[in-house]
Amino acid sequence: MLVTNLFDLVILVIRLFSWALILSCVFSMLFAFGVLDTRNRAVWTIGNFLNRVTEPVLAPVRRVMPNFGNIDLSPLVVLLLIQYVVIPLIVTLEYRVLAGGAGLAG
4 MLVTNLFDLV
14 ILVIRLFSWA
24 LILSCVFSML
34 FAFGVLDTRN
44 RAVWTIGNFL
54 NRVTEPVLAP
64 VRRVMPNFGN
74 IDLSPLVVLL
84 LIQYVVIPLI
94 VTLEYRVLAG
104 GAGLAG
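Each residue of the sequence shown is one higher than the one before, starting from 4 at the first, in my numbering.
#1: What's the C-alpha gap between V94 and F10?
#2: Buried or exposed: V29, going by 16 or more other Cβ atoms within 10 Å of its Cβ?
#3: Do the CB positions of V100 and V81 come within less than 8 Å of each other?
#4: Are S27 and L5 close, meaning C-beta to C-beta below 8 Å?
#5: Should T57 be labelled buried (16 or more other beta-carbon atoms within 10 Å of its own) or exposed?
#6: Counting only the same chain and skipping the five closest in sequence on each side, list residues whose C-beta sits under 8 Å from that of R121.
#7: Going straight from the alpha carbon of R55 to that of I17, what length do you get?
#8: With distances taken Cα to Cα, identify the nearest neighbour of V89 among V13, T48, W47.
The following block contains the structure:
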């Protein structure tokens, strides 16, 4: 029971990060098109928070990816990695732990 709750919490945090990443992209786009004004304290605070949450994950991906000009594909890469690598690995690990550790060694 405790192990299941722990894995559910980890998946919830990852999903919340995914939403923060999507919101950061939307925020960045709205700022670039002049819809949002960062001189507004609330807008600046939200943007700063989203940047501080997502940038530690996006920066290493940006260093590895080739330059596409003004197009930043690193959020897409991170979201795809989360969806198709991280979540399935966590779910598989959860099933192996709940099965009594079968297959953990090999």
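Glycine included, C-beta positions come from ideal geometry on N, C-alpha and C. Keep in mind it's a predicted model, so treat the numbers as computed, not measured.
So, to answer that:
#1: Here residue 94 refers to the residue found at position 91 when the sequence shown is read from its first residue. Here residue 10 refers to the residue found at position 7 when the sequence shown is read from its first residue. Their backbone Cα atoms lie some 8 Å apart in a straight line.
#2: Within the sequence shown, residue 29 is the residue found at index 26, counting from 1. Exposed is the call here.
#3: Residue 100 sits at position 97 when you count from the first residue of the sequence shown. Residue 81 sits at position 78 when you count from the first residue of the sequence shown. No, the Cβ-Cβ distance between V100 and V81 is not below 8 Å.
#4: Numbered from its first residue, the sequence shown carries residue 27 at position 24. Numbered from its first residue, the sequence shown carries residue 5 at position 2. No, Cβ-Cβ distance for S27 and L5 is not below 8 Å.
#5: Within the sequence shown, residue 57 is the residue found at index 54, counting from 1. Buried is the call here.
#6: Nothing in the structure corresponds to residue 121, since the chain is present only between 4 and 109.
#7: Your numbering for residue 55 matches position 52 in the sequence shown. Your numbering for residue 17 matches position 14 in the sequence shown. Going by the C-alpha atoms only, they are around 16 Å apart.
#8: Within the sequence shown, the letter at position 86 stands for residue 89. Nearest C-alpha to V89: V13.
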